[in-house]
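Line by line, the protein sequences give chains A and B.
Residue numbering for the first sequence follows my numbering, starting at 17 and increasing by one per position.
Residue numbering for the second sequence follows my numbering, starting at 24 and increasing by one per position.
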Amino acid sequence: MSVITTIAKNTFKETVRDRIFYAILILSVLFILGTTLFGSISLGQDSKIITDFGLAGIYLFSIVIAIFLGTNLIYKELEQRTAYIILSKAVTRTQFLVGKFLGLAETMLVANLIMALVYIPLIWVVSHAFPGVALLAVGFQLLETWVFVALTILFSTFASPVASAIYSIIVFIIGHAVGILPDAAKKASPALASFYKALYYVLPNLEKFNIRLEASHALAIPPYLIVFAGLYALIFIALFLMLAAIALTAQDI
Amino acid sequence: MKKHYLIIIILLLLTAVVLTQLGFDKQSKAFKASAAYQPLVASSDTLKKLNLGLQAALSDYFWLQAIQYYGGDRADHNYQKLADYLDLATELDPKFSYPYAFAALILPSEKIDQGYAIARKGIDRRIPDWQIAYYLAASYHIYKHDKPEAAKYFDLAARTPGAPSELQTVSAAYSAKPNARQTARAIWQAIYDSSSDELTRGRAKNYLYFYQLLDLFDQSSTVYKQKNGQWPKQLNDLVNADILRSVPENPFGLSLTFDADGRVVIE
């Protein structure tokens with residue numbers, strides 16, 4: 017465990033020192049504050065506009081941070097051959113990858129906390145009510161970001177940062193569009209319908225982490241949704257990290 | 024190149040940037056006010072499927088677009104795409120209540136059926152906002168003169184939780200009041216008092232002023248009849264008879280005249 021903790025600590029230190037991290041974080045905070053401008057031209061709908069645009073901002077900026085930092089994480093270690101030194105010692109590939117993941121996940125947690133510290137009081141002031149569901153939505157988004165971190169780590173074990181970023185964006189788009197597959201299956205031939213259904217169940221359905229509409233109207237979130245979203249994130253994180261370990265083994269690293 | 028030359032060039036380029044932006048804004052404003060401009064609005068079916076999980080933010084975006092479009096200075100007041108924007112906002116976020124109400128009241132009379140369809144969609148979806156039914160009722164009364172439909176929606180608005188108490192009075196008195204102008208005035212007064220958005224309040228204010236003008240012309244017409252023994256034929260007759268100093272402009276630019284009984288009517 018101490019090996020994983022050491023790698024995680026070093027990864028956290030390394031990623032929070034990255035200038036890109038600060039630049040994106042500053043931009044995100046400015047964007048969240050800027051949502052008040054949109055609110056002011058919304059004919060009295062400012063609380064909703066700030067809630068929705070703020071959540072969207074936190075979400076998109078988190079994904080951008082995850083892509084920028086995650087796609088470089090393993091690739092840089094392989095390029096500079098530091099991964100070979102670490103793995104030649106008594107560190108397994110799994111420990112190395114889990115440590116890397118936990119370090120970057122911690123960075124994402126800090127980034128989301130900073131953004132939430134600006135966002136939540138802002139809605140609280142505008143709507144005169146504590147935005148509990150919006151805070152929960154930030155938590156759901158963080159789960160999705162962690163899945164994304166694991167995914168970028170997987171890609172960075174075998175692809176360049178640019179290619180990893182492109183693959184990640186493709187998965188991001190597909191992950192939010194898998195909901196169309198059951199509809200497509202209804203109109204397709206039986207064989208194709210089965211294929212669509214199989215894809216629907218296998219592909220990561222990122223909509224499981226989306227409670228932004230509920231946050232917009234402060235609707236109650238059933239507890240099963242929180243349990244399933246957490247479980248779903250955990251399964252995909254484990255799956256992506258295992259695939260990343262296999263990818264490293266396949267390359268004799 | 025010397026340093027001060029570089030600074031001068033940078034300053035000149037910055038000035039050029041500002042001038043270009045000013046020129047662009049001027050041209051853009053003129054184009055958007057012209058009849059040729061109609062924005063391209065995406066299909067709600069596509070955006071409902073491919074929105075990267077950002078339905079709420081996209082719905083808000085199209086709501087802001089609707090406001091900007093309606094609040095623009097179109098010379099022809101032909102807001103063809105307004106219904107599309109409002110439909111998109113309510114399709115992407117079906118619980119976003121205000122666009123339903125806004126559609127019922129703000130869409131121009133030739134597009135009002137589209138506005139009714141959007142507002143009724145909100146009622147069918149059981150959105151708990153009294154403004155949707157109230158604005159729909161007001162619109163049926165004012166634009167369609169459809170008393171049964173207006174009464175139905177006034178009643179629905181009054182029964183919606185959270186409706187202000189004045190609404191109960193408007194709804195109860197609706198069928199009892201014989202004077203259409205008096206009823207319309209009460210409706211717009213309630214809208215003015217209860218709405219927090221400046222576009223709707225502005226529209227209500229214009230109507231309230233318009234009814235004041237109509238009252239003034241009717242009263243002046245009676246004075247004219249007492250002085251001249253006959254009803255005036257046009258508004259200028261009141262000025263010629265020294266009853267009014269000038270004919271005040273009405274906020275909708277409508278041509279007004281008098282009927283055979285000396286009551287002011289829209290030409």
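Beta carbons are placed, not taken as given, at the ideal position from N, Cα and C, and that holds for glycine.
| Asked | Found |
| --- | --- |
| Using only CA atoms, which one of A:Ile66, A:Ile196, A:Phe244, A:Ala254 lies nearest to Asp68 (chain B)? | A:Ile196 |
| Out of A:Ile189, A:Gly115, A:Leu85, point me to the one whose CA is closest to Ala99 (chain A)'s CA. | A:Gly115 |
| Inspect the beta-carbon positions of Asn128 (chain A) and Ser78 (chain A) and report whether they are closer than 9 Å. | yes |
| Just the chain B side, please: which residues come within less than 7 Å of Asp68 (chain A) by C-beta, in chain order? | Ala79, Ala80, Asp83 |
| Which partner residues of Lys281 (chain B) appear in the DSSP bridge assignment? | Sequence inspection shows Phe at residue 281 (chain B); the Lys mentioned does not correspond to that position. In the DSSP output, where bridge partners are listed per residue, Phe281 (chain B) has B:Val287. |
| Decide if Lys29 (chain A) is buried, meaning its Cβ has at least 16 other Cβ atoms within 10 Å, or exposed. | exposed |
| Between B:Lys170, B:Ile33, B:Asp110, which has its C-alpha nearest Val292 (chain B)'s C-alpha? | Since the first and last residues shown for chain B are 24 and 290, residue 292 (chain B) lies out of range. |
| For Arg208 (chain B), which of helix, strand or coil comes out of DSSP? | helix |
| How far does the alpha helix (DSSP H) with Thr67 (chain A) in it extend, from its first residue to its last? | 62-95 |
| Throw me the rounded Cβ distance for the Ser120 (chain B) and Ile150 (chain B) pair, which I believe falls under 8 Å. | 5 Å |
| With a threshold of 9 Å between beta carbons, is Arg33 (chain A) in contact with chain B? | no |
| Taking the alpha helix (DSSP H) that Trp86 (chain B) falls in, what are its first and last residues? | 78-94 |
| May I ask you to list, following chain order, the residues of the region 99-126 of chain A that have a beta carbon less than 7 Å from some beta carbon of chain B? | none |
| Let me know the secondary structure DSSP gives Gly276 (chain B) once reduced to three states. | coil |
| Looking at the C-beta of Ala193 (chain A), does it have a partner C-beta in chain B at a distance below 9 Å? | yes |
| Given this structure, state the Cα-to-Cα distance separating Ala161 (chain B) from Trp140 (chain A), to the nearest angstrom. | 34 Å |
| So within the region 19-48 of chain A, which uninterrupted alpha helix (DSSP H) runs reach at least 4 residues, ignoring any that extend past its ends? | none |
| Per DSSP, what kind of secondary structure is Arg148 (chain B) in: helix, strand or coil? | coil |
| From the beta carbon of Lys64 (chain A), is the nearest beta carbon of chain B less than 9 Å away? | yes |
| Would the region 162-169 of chain A and the region 43-60 of chain B be scored as touching if the rule is three or more Cβ pairs under 8 Å? | no |
| So if I threshold CB-CB distances at 7 Å, which residues from the region 18-32 of chain A count as touching chain B? | none |
| If Ala93 (chain B) and Leu105 (chain B) are in contact, beta carbons under 8 Å, what's the gap, nearest whole angstrom? | Residue identity differs from the one stated: residue 93 (chain B) is Tyr in this sequence, not Ala. Correct: roughly 6 Å between the Cβ atoms. |
| Pick helix, strand or coil for Asp268 (chain A), following the three-state DSSP scheme. | coil |
| Here's the rule I'm using: 16 or more other beta-carbon atoms within 10 Å means buried, otherwise exposed. How should Gly86 (chain A) be labelled? | buried |
| Please tell me whether Ser58 (chain A) has its Cβ less than 9 Å away from any Cβ of chain B. | yes |
| Rounded to a whole number of angstroms, what is the C-alpha to C-alpha distance between Glu133 (chain B) and Lys175 (chain B)? | 23 Å |
| Please list, in chain order, the chain A residues whose beta carbon lies closer than 8 Å to that of Tyr300 (chain B). | Absent from the structure is residue 300 (chain B), since the part of chain B shown begins at 24 and ends at 290. |
| May I ask you to list, following chain order, the residues of the region 213-239 of chain A that have a beta carbon less than 7 Å from some beta carbon of chain B? | Leu222, Glu223, Asn226, Arg228, Leu229, Ser232, His233 |
| Closest to Ile189 (chain A) by C-alpha separation, out of B:Leu70, B:Asp169, B:Thr183, B:Thr223, would be which residue? | B:Leu70 |
| Are the Cβ atoms of Ile1 (chain A) and Trp162 (chain A) separated by less than 9 Å? | Nothing can be reported for residue 1 (chain A): it is not among the residues displayed for chain A, which extend from 17 to 269. |
| Applying a beta-carbon distance threshold of less than 9 Å, which residues of chain A neighbour Trp153 (chain B)? | By Cβ distance, chain A contributes nothing, its closest Cβ being about 15 Å from Trp153 (chain B), past 9 Å. |
| Expressed to the nearest angstrom, what Euclidean distance is found between the alpha-carbon atoms of Tyr60 (chain B) and Asp282 (chain B)? | 39 Å |
| Quick one, which of A:Val187, A:Ile186, A:Lys213, A:Ala207 has its alpha-carbon nearest Asp199 (chain A)'s? | A:Lys213 |
| Residue range of the alpha helix (DSSP H) that Ala174 (chain B) falls in? | 170-182 |
| With a threshold of 16 other CB atoms inside 10 Å of the CB of Ala145 (chain A), please say whether the residue is buried or exposed. | exposed |
| Between which two residues does the alpha helix (DSSP H) containing Phe164 (chain A) stretch? | 148-172 |
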